[in-house]
Amino acid sequence: METFPVIDLEKLNGEGRGEVMELIKDACENWGFFELVNHGISHDFMDTVEKLTKEHYRKCMEQRFKEMVESKGLEAVQSEINDLDWESTFFLRHLPVSNISEIPDLDEDYRKAMKEFAFQLEKLAEQLLDLLCENLGLEKGYLKKAFYGSKGPTFGTKVSNYPPCPKPDLIKGLRAHTDAGGIILLFQDDKVSGLQLLKDGKWIDVPPMRHSIVINIGDQLEVITNGKYKSVMHRVVAQPDGNRMSIASFYNPGSDAVIYPAPLLIEKEAEKGQVYPKFVFEDYMKLYAGLKFQAKEPRFEAMKTMESTINLGPIPTV
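So, in structure tokens, the structure goes:
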């Protein structure tokens, strides 16, 4: 069986650079996911973020989740639930404007830690986008520019907890989907597993590793690379024991960014032609909101139909 790709970013600076770049290329083309170690974010700091996140859940969210479960009678379900996820979440927005000071119930220490964590993840996301540019033969900064829009990229974090579930065979932690945006950086629990991706028709576990950051490709990178890199269906399987923490940060295009396949990549594969449409990211997100848990292909087809009815200007540059 193939081994899930784990990439040591520290090796980029030495003789192993070529090998690391090849591993990233293979992961993007064949997995849509990879796991980063030695990514430059301090382990002690990650431990602090994890501790504060778990404390916040216990203090502010656990009781609310229990009340929701009780009100919906979820502990006694007898058949599969297809319209609900077994998760407790809240969202933070970092770019273009942060809302972190407006989120109620966050302790000052937690607020500060999440602000700093987001800043470090933003830098890591931009570093990774440039590594992808290098592998794709695009000029440095191309992907960041493609995401930019008029106000810069959008960047936000979904903080989730997946408590123990009495009926994990009937209720998913999070139903299968692809991510709509650009590049996703996940700090997941290293003790309680649950994240799986679909590869060659089989569900494969994304291994929990201490202090790693899991990376996955979103729909927008599939479009920009004209299908060379693909977003992949993934899900969270609820577990009967343990509370799984998940901090997923989404580095996405700006709302008015115009997304389309990179012309250079179309030239390189002339016989393939342009497979994906040109659209405004915000329009894609409006469509995605109602179709998140369905296949992505009809979303791309719907954007093709829209493309012929609207006039899109040139891509804004930084």
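Numbering (the UniProt record's numbering) for the sequence shown: 1 to 318. Backbone N, C-alpha and C fix where the C-beta goes; we use that ideal spot for every residue, glycine too.
Non-local beta-carbon contacts of ASP256 in its own chain, meaning distances under 7 Å to residues more than five positions away in sequence, involve GLY149, SER150, VAL280, GLU282 in chain order. Note that the C-beta distance between SER246 and TYR162 is below 9 Å. Taking the Cα of LYS123 as reference, the smallest distance to any Cα among PHE155, TYR110, LYS72 is reached at PHE155. By the beta-carbon neighbour count (other beta carbons within 10 angstroms, threshold 16), LEU264 is exposed. For PHE250, the uninterrupted beta strand (DSSP E) run begins and ends at 244-252, by DSSP. Taking 8 Å as the upper bound for CB-CB distance, SER193 and VAL37 are not in contact here, some 17 Å apart. With 16 or more other Cβ atoms from the protein chains shown falling within 10 Å of its own Cβ, LEU129 counts as buried.
The region 132-146 makes no contact with the region 46-54: fewer than 3 CB pairs, one atom from each, lie closer than 8 Å.
Counting along the chain, the unbroken beta strand (DSSP E) around ARG93 starts and ends at 88-95.
In the structure shown, TYR162 adopts extended strand secondary structure according to DSSP, grouped into three states. Contact check between the region 221-239 and the region 170-188: three or more CB pairs, one atom from each, fall below 8 Å, which counts as touching. Annotation note: the region 202-274 contains the following uninterrupted beta strand (DSSP E) runs of length 3 or greater, listed N- to C-terminal: 202-205, 213-217, 234-236, 244-252. For the options VAL275, PHE91, ASN135, the alpha carbon positioned closest to that of LYS115 is the one of PHE91.
Nearest in C-alpha terms to ASP44, of all of SER88, LYS72, PHE117, LYS11, is PHE117. For LEU131, the enclosing alpha helix (DSSP H) has its first and last residue at 108-136.
DSSP places ALA176 in the strand class (E or B) of the three-state scheme. Contact annotation, GLU70 with TYR229: C-beta distance approximately 43 Å; criterion of less than 8 Å not satisfied. For GLU70, the enclosing alpha helix (DSSP H) begins and ends at 62-72.
MET303 places its beta carbon less than 9 Å from that of LEU287.
Going by C-alpha positions, ILE81 is about 11 Å away from LYS72.
Between LYS59 and ASP105, the C-beta gap is smaller than 9 Å, which places the two residues in contact.
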